[in-house]
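Structure first, then comments.
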């Protein structure tokens, strides 16, 4: 939650901050500020995955949380654009260290009977962070943008200290060696051996494609839904922003929980249970994208947001669990780091593309295009992904 909230707050507090930092009145400068986070975060994600597979993930998570929270705290003292730019870059680096380590740690703690639900519950924190980040402007108007950065930065720093005592590392899932959940794990291999093995794994390329394509509408909806709410419902952005983010966050919350529960039960009876659950979720996003593009009523836009959030939540809860069926435990953080990089860069690409569609007055056609791409990814996933184990254990 803190990871996503701290990164989102800056975008919502722009009006308050530009009163004190004149450079932020330039849309170009603000774009640079947002872009540097994505570029550093994206390029750092595979490296952070490699590091997480080699080092103690407890201390990596704690260190990452402490640094990005300290950066959030320090942003309150920024007085010019250059200071914010450097801090934003450091935030991208430190936040990139978290997700591959966190998800692979959860995957090691949970076997096939609880893994998707555990990942799903974790993902609710990300959705909550996105939703709360949308209220940054509200908090800043009541107090100040400096006080907002101070408060949430301090909360993260204190929580990092709490995790020193309560977070535990577990480099392997220890169970009866005769059970399907037993994961023998040896920590060895050269620094880039994991990437080499992953790139020679055809199933990983399919998973990478299947992860990247839904990332396009995922980022598109996140970036454009507030605008669509404001224009369709004729409400101001201060109302549309929280309304749209809460609609997505609430439905996504329900999606990850249901998707986690269904997947964990289904995979006990059918090895493709997680894949089928993910496919059901992703298929729900297709009509949602069509409604987002062509809907013109309250029912259309809210229905689209709920349908998309619920379906994307089911998809989100099963990405790491599906990965665990094709990738050894010792390379899962590296694998998710690569997936995260592709997802972030896909988001940067689609934001620019849809901007051009919007300027041409054809935004609806852009969302229809995304619906077609999702349908294609769905077919590829269902045809090619055929796991042979609940938990991949081969070298």
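Numbering (my numbering), first residue to last: 43 to 437.
We treat Cβ as the ideally placed atom computed from N, Cα and C, and that holds for glycine.
Everything numeric in this text was worked out from a predicted model, so none of it was measured.
### Rounded C-alpha distance that separates residue 360 from residue 308
12 Å
#### Entry: Proximity to residue 261 [Cα-Cα], best of 130, 162, 396, 208
396
### Query
By Cβ distance below 6 Å, which residues in the same chain neighbour residue 106 in space, the five residues on each side in sequence not counted?
136, 139, 140
### Query
What did DSSP end up calling residue 211 once you bin it into helix, strand or coil?
coil
### Task
Hey, could you find the ends of the alpha helix (DSSP H) residue 164 is sitting in?
157-175
### Query
Does the separation of the CB atoms of residue 434 and residue 248 fall below 7 Å?
No Cβ-Cβ contact shorter than 7 Å links residue 434 with residue 248.
### Task
Mind checking which residues open and close the alpha helix (DSSP H) that includes residue 399?
Boundaries of the alpha helix (DSSP H) around residue 399: 374-401.
### Query
For residue 349 and chain D, any beta-carbon pair shorter than 7 Å?
In summary, chain D is missing from the structure at hand, where a single protein chain is found.
### Task
Give, in chain order, every unbroken run of the alpha helix (DSSP H) that is at least 4 residues long and sits entirely within the stretch 115-153.
With a minimum length of 4 residues, the continuous alpha helix (DSSP H) runs that stay inside the stretch 115-153 are 123-138, 140-151.
### Task
Can you tell me which of the three DSSP states residue 45 falls into?
helix
### Message
Classify residue 206: buried if its beta carbon has 16 or more other beta carbons within 10 angstroms, exposed otherwise.
### Response
It is exposed - the Cβ of residue 206 has fewer than 16 other Cβ atoms within 10 Å.
### Query
Does the beta-carbon of residue 252 have 16 or more other beta-carbons within 10 angstroms, so that it is buried, or is it exposed?
buried
### Message
Suppose contacts are defined by Cβ-Cβ distances below 7 Å. Is residue 388 in contact with residue 300 by that definition?
### Response
no
### Buried versus exposed, by CB contacts within 10 Å (16 or more), residue 51
buried
#### Entry: Given residue 357 as reference, the closest of 211, 323, 428, 82 once Cα atoms are compared
323
#### Entry: Beta-carbon proximity of residue 353 to residue 332, cut-off 7 Å
no
### Query
Quick one: what does DSSP say residue 316 is sitting in, helix, strand or coil?
helix
### the stretch 375-387 in contact with the stretch 60-77 per 3-pair CB rule at 8 Å
These segments do not touch.
### Query
Which class does residue 63 belong to by DSSP, given the choice of helix, strand or coil?
DSSP places residue 63 in coil when its eight states are reduced to three.
### Task
Reducing DSSP to helix, strand and coil, say where residue 55 ends up.
coil
### Query
Using the beta-carbon count (16 or more within 10 Å), is residue 241 buried or exposed?
exposed
### Enclosing alpha helix (DSSP H) for residue 70 [first to last residue]
69-96
### Task
Could you tell me which of 191, 89, 108 sits nearest to residue 126, measuring between CA atoms?
When the alpha-carbon of residue 126 is set against those of 191, 89, 108, the nearest one is in 191.
### Sub-7 Å separation of residue 111 and residue 198 beta-carbons
In contact: residue 111 and residue 198 (Cβ atoms closer than 7 Å).
#### Entry: Rounded separation between residue 267 and residue 286 - CA only
6 Å
### Message
Please list the terminal residues of the continuous alpha helix (DSSP H) segment that includes residue 235.
### Response
235-241
### Query
For residue 108, which three-state DSSP category applies?
helix
#### Entry: Residue environment, residue 215, which counts as buried when at least 16 other CB atoms sit within 10 Å
Since pLDDT at residue 215 reaches only 42, below the 50 mark, its modelled position is unreliable, and no value is offered.
### Message
Using CA atoms only, rank isn't needed, just tell me which of 59, 65, 131 is closest to residue 185.
### Response
Ranked by Cα distance from residue 185, the options 59, 65, 131 are led by 59.
#### Entry: Element boundaries [alpha helix (DSSP H), containing residue 427]
Looking at the DSSP string, residue 427 is not in any alpha helix (DSSP H), and its letter there is neither H nor E.
### Query
Does the distance from the C-beta atom of residue 157 to that of residue 429 stay below 7 Å?
no
### Task
Look at residue 328 and residue 417 and say whether their C-beta atoms are less than 7 Å apart.
yes
### Query
Which value, in whole angstroms, describes the spacing of the CA atoms of residue 44 and residue 334?
29 Å
### Query
Among 372, 100, 402, 56, which has the Cα closest to the Cα of residue 237?
Per the Cα distances, 372.
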